[in-house]
Every structure is written in structure tokens, then in C-alpha cells.
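The structure appears below as C-alpha cells.
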Amino acid sequence: MALAQTFEWVFLLLKYAGAAYLIFLGIKMWRAAAAQSAAQGIPQTGLSRSFLLGASVALGNPKAILFHASIMPLILNLDTMTFADGLLVVAVVVGANILTIGIYAALAGRASGWLRTPERMRLINRFAGSAMIGTGALIAAR
């Protein structure tokens with residue numbers, strides 16, 4: 013607590029810098045030209061290669077690893093866990109991640125066809141830019 017009070021000005025500076033950066037990115041996104049789809053020039057890869065690349069990115073996500081490492085000891089009694097229990101926990105976490113990322117991938121695949129027109133891309137840019145500007149303003153106002 014004393015450390016937070018001593019360096020309160022640093023935290024305040026970081027808060028306003030972060031809010032300003034969000035607003036800056038939001039303005040850039042709002043004003044950005046609608047990008048043309050570059051998917052036509054990308055060679056198609058096999059389904060298994062795509063799955064392995066996606067799974068390695070999802071399972072190697074440091075935020076997810078830190079989340080699971082911090083929450084698992086709170087919800088599991090590590091003193092009474094057996095090796096089989098550990099394997100079950102790993103299987104459930106991996107399965108949930110694969111299911112979640114699979115749903116994201118399916119939704120992104122469906123949305124990519126809808127987003128191919130410049131008007132729709134501009135709409136998405138404006139919506140996301142507005143959300144970033146609003147979030148930055150809320151952070152600065154708190």
C-alpha cells in the first residue's frame with residue numbers, strides 16, 4: 013500500500029498514457045481506409061497443418077498459461093491430486109481451448125466472406141475505432 017501511495021504519480025501517468033494511446037489508435041482506425049482482402053494471394057495449406065499451427069498458438073498463449081497456473085491451485089486441491097487427476101485436468105483444459113478456438117475460427121471463416129466489401133470493412137473500422145476511443149475516454153475519466 014505504501015508503495016502504491018509513494019508512486020501514485022507513476023500509476024496515474026501510466027493510466028493517462030494508456031488512455032491516450034487507446035484514443036490515438038481508435039482515431040487511426042476510424043480514419044483508416046478500407047483494406048482490400050489479401051486472401052486471394054495466400055496459398056492454401058492443409059487442414060492438419062492449419063490445425064497444428066492454430067493449436068500451438070492457442071496452447072502457447074502466455075496469458076492462458078498464466079491464467080491456468082494462477083487459477084488451478086485455487087480450485088483444485090493439489091495435495092490430494094493423483095497423476096490421473098492431472099491428466100484429466102490437462103485433457104479438459106486442452107479440449108476446452110480447442111473447442112473455443114475452433115468456434116472462433118469457424119465464426120471468423122464465416123465473417124470473412126461478409127467483410128470482403130470496402131463498405132463493410134469501413135463499418136467495422138468505425139465501430140472498433142469508436143469502441144477504442146470510448147474505452148480510452150472512460151479510462152481517463154475514472
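Taken in order, the sequence shown gives residues 13 to 154; the numbers are from this note's numbering. Even glycine gets a Cβ: it sits at the ideal position worked out from N, Cα and C. Just so it is clear, the structure is predicted and the values come from calculations on it, not from any experiment.
Tell me whether Met144 is buried or exposed, calling it buried when 16 or more other Cβ atoms sit within 10 Å of its Cβ.
By one-based count along the sequence shown, residue 144 stands at place 132. Met144 should be labelled buried.
Whole-angstrom C-beta distance between Ala44 and Asn137, which should lie under 8 Å:
Your numbering for residue 137 matches position 125 in the sequence shown. Your numbering for residue 44 matches position 32 in the sequence shown. Asn137 to Ala44, Cβ: 5 Å. Contact.
Sequence-distant residues of the same chain with beta carbon closer than 8 Å to His80, five excluded per side:
On the sequence shown, residue 80 is found 68 positions in, with the first residue counted as 1. The beta carbon of His80 sits closer than 8 Å to those of Val105, all from its chain and outside the five residues before and after it, given in chain order.
Please report how far the alpha carbon of Leu65 lies from the alpha carbon of Ala14, in whole angstroms.
Position 53 of the sequence shown holds residue 65. Position 2 of the sequence shown holds residue 14. Going by C-alpha positions, Leu65 is about 46 Å away from Ala14.
Helix, strand or coil at Ala76 according to DSSP, with G and I counted as helix
Numbered from 1 along the sequence shown, position 64 holds the residue referred to as residue 76. Three-state result, Ala76: helix.
Excluding the 5 residues flanking Met41 on each side, which residues of the same chain have their C-beta closer than 7 Å to its C-beta?
Here residue 41 is taken as the residue at index 29 of the sequence shown, counted from 1. Excluding residues within five positions, the ones whose Cβ falls inside 7 Å are Asn137, Ala140, Gly141, Met144.
Specify the secondary structure class of Phe19 as computed by DSSP and reduced to three states.
Position 7 of the sequence shown holds residue 19. Coil at Phe19, not helix or strand.
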